[in-house]
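Residue numbering for the sequence shown follows UniProt numbering, beginning at 1 and increasing consecutively. Every residue, glycine too, gets a C-beta built ideally from N, C-alpha and C. On a predicted model such as this, the values are computed, not experimentally measured, just so you know. I have placed the structure first, in the form of C-alpha coordinates, so that the comments after it can refer back to it.
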Amino acid sequence: MSQWRSQHAPDALLPALRQWFTTPLGRTVLNDELPLINQAVSDYRGPGRHLLKLSAIPERVPLNSLPGHTRQFHLGSLNQYGYSQVLDAIGDFHQLPVANESQDIVLLHHLIEFVENPHRVLREVERVITPHGKLVVCVINPYSLLACRSILGRFKRSPMWQNHMLSIGRIQDWLSLLGFELDGVSYGFHRLPVNRPTFFLDHKCASSKLPMGGVYVLTATKYRAPLTPSMDAQQVRSNVLRHPVLGATRNWKPVPKN
(Lines of atoms letter the chains of each structure in order from A and count residues from 1; the text may use other names and numbers.)
(Lines give C-alpha, C1' and ligand atoms only; values in the text may rest on other atoms or scores of the structure.)
Protein backbone atom coordinates (compact mmCIF):
# COMPACT_ATOMS: atom_id res chain seq x y z
CA MET A 1 0.00 0.00 0.00
CA SER A 2 1.28 3.44 -0.90
CA GLN A 3 2.48 5.65 1.92
CA TRP A 4 1.29 9.21 1.40
CA ARG A 5 2.62 12.43 2.83
CA SER A 6 0.91 13.37 6.09
CA GLN A 7 -1.76 15.95 5.37
CA HIS A 8 -3.10 18.71 7.56
CA ALA A 9 -6.60 18.33 8.95
CA PRO A 10 -9.28 19.42 6.45
CA ASP A 11 -10.41 22.24 8.74
CA ALA A 12 -6.92 23.78 8.30
CA LEU A 13 -6.16 22.66 4.75
CA LEU A 14 -9.29 23.83 2.93
CA PRO A 15 -9.21 27.41 4.30
CA ALA A 16 -5.49 27.57 3.45
CA LEU A 17 -6.19 26.50 -0.14
CA ARG A 18 -8.98 29.02 -0.53
CA GLN A 19 -6.79 31.77 0.94
CA TRP A 20 -3.90 30.91 -1.38
CA PHE A 21 -6.09 31.28 -4.46
CA THR A 22 -6.83 34.89 -3.42
CA THR A 23 -3.12 35.86 -3.51
CA PRO A 24 -1.63 37.36 -6.71
CA LEU A 25 0.18 34.07 -7.37
CA GLY A 26 -2.92 31.95 -6.77
CA ARG A 27 -5.11 34.19 -8.94
CA THR A 28 -2.61 34.01 -11.80
CA VAL A 29 -2.43 30.22 -11.57
CA LEU A 30 -6.23 30.04 -11.64
CA ASN A 31 -6.49 32.43 -14.60
CA ASP A 32 -3.96 30.38 -16.57
CA GLU A 33 -5.62 27.03 -15.96
CA LEU A 34 -9.28 28.02 -16.46
CA PRO A 35 -9.03 28.23 -20.31
CA LEU A 36 -7.37 24.81 -20.35
CA ILE A 37 -10.11 23.31 -18.17
CA ASN A 38 -12.90 24.85 -20.25
CA GLN A 39 -11.28 23.60 -23.44
CA ALA A 40 -11.07 20.06 -22.02
CA VAL A 41 -14.72 20.12 -20.93
CA SER A 42 -15.95 21.56 -24.25
CA ASP A 43 -14.23 18.72 -26.16
CA TYR A 44 -16.75 16.25 -24.71
CA ARG A 45 -18.98 14.83 -27.46
CA GLY A 46 -20.98 12.26 -25.53
CA PRO A 47 -24.78 12.11 -25.28
CA GLY A 48 -25.01 12.97 -21.58
CA ARG A 49 -24.81 16.38 -19.95
CA HIS A 50 -24.25 15.75 -16.23
CA LEU A 51 -21.09 17.35 -14.81
CA LEU A 52 -19.65 16.77 -11.33
CA LYS A 53 -17.20 19.39 -10.06
CA LEU A 54 -14.91 18.54 -7.12
CA SER A 55 -12.83 21.50 -5.95
CA ALA A 56 -11.89 23.48 -2.86
CA ILE A 57 -13.10 26.64 -4.65
CA PRO A 58 -16.01 25.47 -6.87
CA GLU A 59 -17.55 28.96 -7.07
CA ARG A 60 -14.32 30.32 -8.60
CA VAL A 61 -14.03 27.66 -11.32
CA PRO A 62 -16.75 28.68 -13.80
CA LEU A 63 -17.21 26.27 -16.70
CA ASN A 64 -18.66 27.03 -20.10
CA SER A 65 -22.11 25.57 -20.64
CA LEU A 66 -22.35 22.70 -23.12
CA PRO A 67 -25.18 22.52 -25.68
CA GLY A 68 -28.04 20.72 -23.97
CA HIS A 69 -26.25 20.75 -20.63
CA THR A 70 -28.62 20.13 -17.71
CA ARG A 71 -26.62 21.29 -14.69
CA GLN A 72 -23.26 21.34 -12.91
CA PHE A 73 -23.22 19.43 -9.65
CA HIS A 74 -20.94 20.86 -6.92
CA LEU A 75 -19.87 18.57 -4.10
CA GLY A 76 -17.60 19.39 -1.16
CA SER A 77 -16.54 18.07 2.21
CA LEU A 78 -18.13 18.96 5.53
CA ASN A 79 -15.33 21.44 6.26
CA GLN A 80 -16.26 23.49 3.18
CA TYR A 81 -19.70 24.18 4.59
CA GLY A 82 -19.65 27.83 5.62
CA TYR A 83 -16.87 28.67 3.13
CA SER A 84 -19.02 28.16 0.06
CA GLN A 85 -22.72 28.56 -0.58
CA VAL A 86 -22.69 26.84 -3.98
CA LEU A 87 -22.39 23.23 -2.82
CA ASP A 88 -25.24 20.94 -3.83
CA ALA A 89 -24.22 18.20 -1.40
CA ILE A 90 -21.84 17.62 1.49
CA GLY A 91 -19.87 14.38 1.52
CA ASP A 92 -16.54 12.62 1.78
CA PHE A 93 -14.34 12.73 -1.32
CA HIS A 94 -13.35 9.11 -0.62
CA GLN A 95 -17.03 8.02 -0.49
CA LEU A 96 -18.99 10.17 -2.91
CA PRO A 97 -22.76 10.31 -2.29
CA VAL A 98 -23.37 9.85 -6.02
CA ALA A 99 -25.07 7.00 -7.87
CA ASN A 100 -23.05 4.54 -9.93
CA GLU A 101 -22.34 5.61 -13.53
CA SER A 102 -24.45 8.76 -13.28
CA GLN A 103 -21.96 11.53 -14.24
CA ASP A 104 -20.84 12.19 -17.81
CA ILE A 105 -18.00 14.60 -16.93
CA VAL A 106 -16.04 14.78 -13.67
CA LEU A 107 -13.62 17.61 -12.88
CA LEU A 108 -10.98 17.14 -10.17
CA HIS A 109 -9.59 20.63 -9.57
CA HIS A 110 -6.49 20.47 -7.33
CA LEU A 111 -8.04 17.72 -5.25
CA ILE A 112 -6.11 14.48 -5.55
CA GLU A 113 -2.80 16.08 -4.55
CA PHE A 114 -4.34 17.28 -1.27
CA VAL A 115 -6.56 14.37 -0.19
CA GLU A 116 -5.40 11.61 2.12
CA ASN A 117 -5.48 8.86 -0.53
CA PRO A 118 -5.61 10.05 -4.17
CA HIS A 119 -5.92 6.55 -5.64
CA ARG A 120 -9.02 5.90 -3.57
CA VAL A 121 -10.60 9.11 -4.87
CA LEU A 122 -9.90 8.04 -8.46
CA ARG A 123 -11.59 4.69 -7.78
CA GLU A 124 -14.66 6.58 -6.56
CA VAL A 125 -14.61 8.72 -9.70
CA GLU A 126 -14.45 5.58 -11.86
CA ARG A 127 -17.52 4.28 -10.04
CA VAL A 128 -19.68 7.37 -10.64
CA ILE A 129 -18.62 8.22 -14.21
CA THR A 130 -20.52 6.74 -17.14
CA PRO A 131 -18.92 4.54 -19.83
CA HIS A 132 -17.33 6.85 -22.42
CA GLY A 133 -17.50 9.65 -19.87
CA LYS A 134 -14.72 12.21 -19.57
CA LEU A 135 -12.44 12.86 -16.60
CA VAL A 136 -10.59 16.19 -16.30
CA VAL A 137 -7.82 16.41 -13.69
CA CYS A 138 -6.00 19.65 -12.80
CA VAL A 139 -2.81 19.06 -10.77
CA ILE A 140 0.38 20.91 -9.78
CA ASN A 141 3.19 19.79 -12.07
CA PRO A 142 5.94 18.18 -9.92
CA TYR A 143 8.54 19.06 -12.57
CA SER A 144 8.09 22.82 -12.51
CA LEU A 145 9.20 25.97 -10.72
CA LEU A 146 5.88 26.04 -8.87
CA ALA A 147 6.67 22.63 -7.38
CA CYS A 148 10.13 23.88 -6.37
CA ARG A 149 8.38 26.73 -4.57
CA SER A 150 6.73 24.11 -2.36
CA ILE A 151 10.08 23.10 -0.83
CA LEU A 152 10.24 26.32 1.20
CA GLY A 153 6.58 25.95 2.12
CA ARG A 154 7.19 22.45 3.48
CA PHE A 155 9.89 23.72 5.80
CA LYS A 156 7.38 26.22 7.13
CA ARG A 157 4.72 23.48 7.38
CA SER A 158 2.35 25.54 5.27
CA PRO A 159 -0.83 23.51 4.55
CA MET A 160 -0.86 24.67 0.93
CA TRP A 161 2.47 23.01 0.15
CA GLN A 162 2.03 19.72 2.03
CA ASN A 163 0.76 18.16 -1.19
CA HIS A 164 1.43 14.89 -2.98
CA MET A 165 3.73 15.21 -5.98
CA LEU A 166 1.83 13.32 -8.69
CA SER A 167 3.44 13.01 -12.09
CA ILE A 168 1.53 12.50 -15.33
CA GLY A 169 2.94 8.99 -15.69
CA ARG A 170 1.76 7.96 -12.25
CA ILE A 171 -1.78 9.25 -12.77
CA GLN A 172 -1.87 7.66 -16.22
CA ASP A 173 -0.92 4.27 -14.73
CA TRP A 174 -3.69 4.55 -12.14
CA LEU A 175 -6.27 5.54 -14.75
CA SER A 176 -5.19 2.72 -17.07
CA LEU A 177 -5.83 0.20 -14.30
CA LEU A 178 -9.27 1.74 -13.76
CA GLY A 179 -10.26 1.45 -17.42
CA PHE A 180 -9.46 4.97 -18.63
CA GLU A 181 -7.56 5.98 -21.76
CA LEU A 182 -5.51 9.18 -21.79
CA ASP A 183 -6.78 11.78 -24.28
CA GLY A 184 -4.27 14.56 -23.80
CA VAL A 185 -2.34 16.86 -21.47
CA SER A 186 -1.98 20.64 -21.55
CA TYR A 187 0.20 22.89 -19.38
CA GLY A 188 -0.30 26.30 -17.83
CA PHE A 189 1.47 28.89 -15.66
CA HIS A 190 4.89 29.18 -17.33
CA ARG A 191 6.01 31.88 -14.90
CA LEU A 192 8.11 32.41 -11.81
CA PRO A 193 6.06 31.48 -8.70
CA VAL A 194 6.47 34.79 -6.86
CA ASN A 195 4.01 37.44 -5.73
CA ARG A 196 6.44 40.32 -6.14
CA PRO A 197 7.45 41.89 -8.44
CA THR A 198 4.31 41.58 -10.53
CA PHE A 199 6.34 41.67 -13.75
CA PHE A 200 6.86 37.90 -13.46
CA LEU A 201 3.08 37.38 -13.30
CA ASP A 202 2.11 39.76 -16.11
CA HIS A 203 4.11 38.49 -19.06
CA LYS A 204 2.49 36.56 -21.90
CA CYS A 205 1.75 32.87 -21.35
CA ALA A 206 3.78 30.27 -23.19
CA SER A 207 2.29 27.49 -25.30
CA SER A 208 0.08 24.98 -23.48
CA LYS A 209 2.18 22.22 -25.05
CA LEU A 210 5.36 23.30 -23.24
CA PRO A 211 5.74 20.67 -20.47
CA MET A 212 7.39 22.91 -17.84
CA GLY A 213 4.19 24.68 -16.77
CA GLY A 214 3.37 24.94 -13.08
CA VAL A 215 0.08 23.08 -13.55
CA TYR A 216 -1.18 20.51 -16.03
CA VAL A 217 -4.69 19.54 -17.10
CA LEU A 218 -5.09 15.87 -17.99
CA THR A 219 -8.13 14.46 -19.78
CA ALA A 220 -9.10 10.79 -20.01
CA THR A 221 -12.08 8.77 -21.23
CA LYS A 222 -13.56 5.75 -19.51
CA TYR A 223 -13.82 2.88 -21.98
CA ARG A 224 -14.65 0.03 -19.62
CA ALA A 225 -18.31 -0.79 -20.28
CA PRO A 226 -20.51 -2.41 -17.61
CA LEU A 227 -20.53 -6.21 -17.86
CA THR A 228 -24.23 -7.10 -18.18
CA PRO A 229 -25.00 -10.63 -19.47
CA SER A 230 -27.05 -10.57 -22.66
CA MET A 231 -30.26 -12.60 -23.05
CA ASP A 232 -28.65 -14.73 -25.76
CA ALA A 233 -25.78 -15.64 -23.43
CA GLN A 234 -28.23 -16.58 -20.69
CA GLN A 235 -30.19 -18.79 -23.15
CA VAL A 236 -27.02 -20.58 -24.23
CA ARG A 237 -26.08 -21.15 -20.60
CA SER A 238 -29.53 -22.55 -19.81
CA ASN A 239 -29.26 -24.95 -22.76
CA VAL A 240 -25.91 -26.18 -21.51
CA LEU A 241 -27.33 -26.82 -18.06
CA ARG A 242 -30.35 -28.57 -19.53
CA HIS A 243 -28.19 -31.07 -21.43
CA PRO A 244 -25.09 -31.67 -19.28
CA VAL A 245 -22.17 -33.57 -20.70
CA LEU A 246 -21.83 -35.86 -17.70
CA GLY A 247 -25.51 -36.82 -17.68
CA ALA A 248 -26.33 -35.28 -14.28
CA THR A 249 -29.86 -33.89 -14.72
CA ARG A 250 -32.88 -33.19 -12.56
CA ASN A 251 -35.06 -35.49 -14.77
CA TRP A 252 -32.86 -38.54 -14.28
CA LYS A 253 -34.77 -41.78 -13.70
CA PRO A 254 -33.20 -45.04 -12.59
CA VAL A 255 -33.18 -47.86 -15.18
CA PRO A 256 -35.32 -50.79 -13.96
CA LYS A 257 -33.45 -54.01 -13.38
CA ASN A 258 -34.40 -57.11 -15.33
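CB-CB under 8 Å to residue i, same chain, minus the five flanking residues each way: which ones, in chain order?
i, result
"H94", "V115, E116, N117, R120, V121 and E124"
"N38", "L63 and N64"
"S102", "H50, V128 and T130"
Here's a check: name, in chain order, each residue in its chain whose Cβ is nearer than 7 Å to the Cβ of residue i, leaving out the five neighbours to either side.
i, result
"P211", "Y187"
"V29", "F189, G214 and V215"
"G179", "E126, K222, Y223 and R224"
Of the choices the options, whose alpha-carbon is the least far from that of residue i?
i, options, result
"A16", "S208, I57, P47 and G169", "I57"
"V61", "P35, L192, R45 and H190", "P35"
"D173", "L218, G133 and E101", "L218"
"K134", "D43, T22, E33 and T221", "T221"
"R49", "S208, E59 and F73", "F73"
"D43", "L152, L177 and D183", "D183"
Report the rounded CA-to-CA distance for residue i versus residue j, giving the unit in angstroms.
i, j, result
"L51", "L63", "10 Å"
"L111", "M160", "12 Å"
"W20", "G26", "6 Å"
"E181", "H132", "10 Å"
"Y223", "V41", "17 Å"
"T23", "I105", "29 Å"
"residue 262", "E33", "Shown here, the chain extends from 1 to 258; a query on residue 262 therefore has no answer."
"S167", "R149", "16 Å"
"L192", "G169", "24 Å"
"A99", "D88", "15 Å"
"A147", "N141", "6 Å"
"N31", "P97", "30 Å"
"V185", "V194", "25 Å"
"E113", "L145", "17 Å"
"S208", "I151", "25 Å"
"Q162", "G91", "23 Å"
Residue i lies in the beta strand (DSSP E); which residues open and close that run?
i, result
"I140", "I129 to I140"
"P55", "Pro is not the amino acid found at residue 55; the sequence shown has Ser there. Start and end: H50 to S55."
"L218", "V215 to K222"
"L59", "Before going on, a small fix: residue 59 reads as Glu here, not Leu. Element bounds for E59: n/a, residue is neither H nor E."
"G188", "F180 to G188"
Tell me which same chain residues have a C-beta within less than 6 Å of the C-beta of residue i, skipping the five on either side of it?
i, result
"L107", "K53 and V136"
"residue 265", "This structure gives no information on residue 265, because the portion of the chain shown stretches from 1 to 258."
"G46", "D104 and H132"
What residue does the alpha helix (DSSP H) around residue i start on, and which one ends it?
i, result
"V29", "P24 to S42"
"G169", "I168 to L177"
Less than 8 Å between CB atoms is the rule here; does residue i satisfy it with respect to chain C?
i, result
"L210", "Here chain C cannot be found, since the structure has a single protein chain."
*What are the start and end residues of each continuous beta strand (DSSP E) run of 3 or more residues lying completely inside the region 83–115, in chain order?*
As far as the region 83–115 is concerned, its whole beta strand (DSSP E) runs of at least 3 residues are 103–109.
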